[in-house]
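Participant: What follows is a single structure, and I will ask about it in a moment.
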Amino acid sequence: MGFALERFAEAVDPAFHCQLCGQVLEEPACTPCGHVFCASCLLPWAVRRRRCPLQCQPLEPGELYRVLPLRSLVQQLRVQCDYRARGCGHTVRLRELAAHVQSCAFGPASGCGRHCPGGCGGGGEERHQVTTTRPSGDKREEPPRSGGWPRVAPCRRLRKTLQRQLGLLQRRYQKLARYMEHTRNFVGDLGGRGWGGEQKSFTVVLEREDDTLGFNIIGGRSNQKQSATEGIYVSKILENGPADRADGLEVHDKII
Numbered sequence: 001m002g003f004a005l006e007r008f009a010e011a012v013d014p015a016f017h018c019q020l021c022g023q024v025l026e027e028p029a030c031t032p033c034g035h036v037f038c039a040s041c042l043l044p045w046a047v048r049r050r051r052c053p054l055q056c057q058p059l060e061p062g063e064l065y066r067v068l069p070l071r072s073l074v075q076q077l078r079v080q081c082d083y084r085a086r087g088c089g090h091t092v093r094l095r096e097l098a099a100h101v102q103s104c105a106f107g108p109a110s111g112c113g114r115h116c117p118g119g120c121g122g123g124g125e126e127r128h129q130v131t132t133t134r135p136s137g138d139k140r141e142e143p144p145r146s147g148g149w150p151r152v153a154p155c156r157r158l159r160k161t162l163q164r165q166l167g168l169l170q171r172r173y174q175k176l177a178r179y180m181e182h183t184r185n186f187v188g189d190l191g192g193r194g195w196g197g198e199q200k201s202f203t204v205v206l207e208r209e210d211d212t213l214g215f216n217i218i219g220g221r222s223n224q225k226q227s228a229t230e231g232i233y234v235s236k237i238l239e240n241g242p243a244d245r246a247d248g249l250e251v252h253d254k255i256i
C-alpha cells in the first residue's frame, strides 16, 4: 500500500498515484513496459499473476527495477504530522516526517497533550517540572526566579534534538550508499534489463526487535504439500527496523 492521500497537505498530482492501490507511490517500482506502481503492490502481483497489472505484457519479479528519482520527488511532498488529531498543526516534507514525529511535542512520549489539566498545551514533561510542588520540609535550594537554571532545560532539549538529527542524517547517508550499491549491482541500464541481469548471493544476520525482523515477504507456498515455484521476495522494509540498515535487506531481494 502507498501513502494515504489524506495525509498530504495539498492535492497530489495523479502521476504520483499507484494504479493498484490508488494511494501515493511508496518505493516506486517499474515494469519493463514502463508502468510504475508501489513496490509492495507490484511485487506480489508479479509473483502471482506473471503479467503487468495493465495487462500489456508478461512480467517476472526479477524484471522489476526501482525508480529512485520518482521516489525522491514523492519524498519532497508535504504531509501532516502523525499527531494532528492530538493538536499538532505542522506540515513537513515526507522525508522529514520521521524526525518530526520523534520530537513532536504532541506525541505520547512527550508526557502530555492538548487536554493536559496543567494547561501546558503539549509542551512535555520538562514544562511540567517548572510547576512541580515540593513538601514544605524539603530545604533544597530553589532555582532563581530570573535567569540562571531555567535556561538549562531548553539547552538540554536542543542538544537532544541535535543528537537525534545527527543520527537520522547518518542513517540517511548509509541508506543512500546502500541504494547506490544496489543500483550498480542489479539495475544495469534502465532501458530494459532492470533486475534481470546477474545476481549475487549474500548473508544477512538479523536480531528480532519487538518480536519482528523488520521486513515483509511474499511468495513461497501456503502449505508444505505445494511446490514453491515462485520464490520468496522481500516486499517491504520497516523503517528503523532490524533489516533497515546499511548492510541489511532491500525491497525485491530474493530469499534463498
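Residue numbers for the sequence shown follow UniProt numbering, so the first one is 1 and each next one is one higher.
C-beta atoms are modelled at their ideal positions from N, C-alpha and C, and glycine is treated no differently.
Computed from a predicted model, the values in this text were never measured in an experiment.
Three or more C-beta pairs under 8 Å: does that hold for the segment 71-81 against the segment 46-63?
Facilitator: no
Participant: Kindly indicate which residue of D210, E209, G214, S103 has the alpha-carbon position closest to the one of L162.
Facilitator: S103
Participant: Tell me the residue span of the beta strand (DSSP E) that contains Q76.
Facilitator: Segment: none, Q76 is in no beta strand (DSSP E) and carries neither H nor E.
Participant: For the putative contact between D244 and L238, defined by C-beta atoms under 8 Å, what is the C-beta separation to the nearest angstrom?
Facilitator: 6 Å
Participant: Who are the near neighbours of residue 258 in its chain, counting only those whose CB is closer than 6 Å to its CB and skipping five residues on each side?
Facilitator: Residue 258 lies beyond the residue range present for the chain, which begins at 1 and ends at 256; the question has no answer from this structure.
Participant: Excluding sequence positions up to five away, which residues of its chain have a Cβ less than 8 Å from the Cβ of A4?
Facilitator: Q23, V24
Participant: Given this structure, state the Cα-to-Cα distance separating G89 from A11, to the nearest angstrom.
Facilitator: 17 Å
Participant: Run the CB neighbour count on G119, radius 10 Å, all protein chains shown included, and call it buried at 16 or more, exposed below.
Facilitator: Because G119 carries a pLDDT of 42, less than 50, the predicted location of this residue cannot be relied on, and the following value inherits that uncertainty. Burial call: exposed.
Participant: Helix, strand or coil for P242 per DSSP?
Facilitator: coil
Participant: To the nearest angstrom, report how far apart E63 and P44 are at their CA atoms.
Facilitator: 13 Å
Participant: Between K160, C33, F37, R171, which has its C-alpha nearest Q19's C-alpha?
Facilitator: F37
Participant: Between which two residues does the beta strand (DSSP E) carrying P28 extend?
Facilitator: 28-30
Participant: At the level of alpha carbons, what is the spacing between R86 and G107?
Facilitator: 8 Å
Participant: So for R156, helix, strand or coil by DSSP?
Facilitator: helix
Participant: How long is the line joining the alpha carbons of C21 and L213, rounded to whole angstroms?
Facilitator: Going from the Cα of C21 to the Cα of L213 covers about 25 Å.
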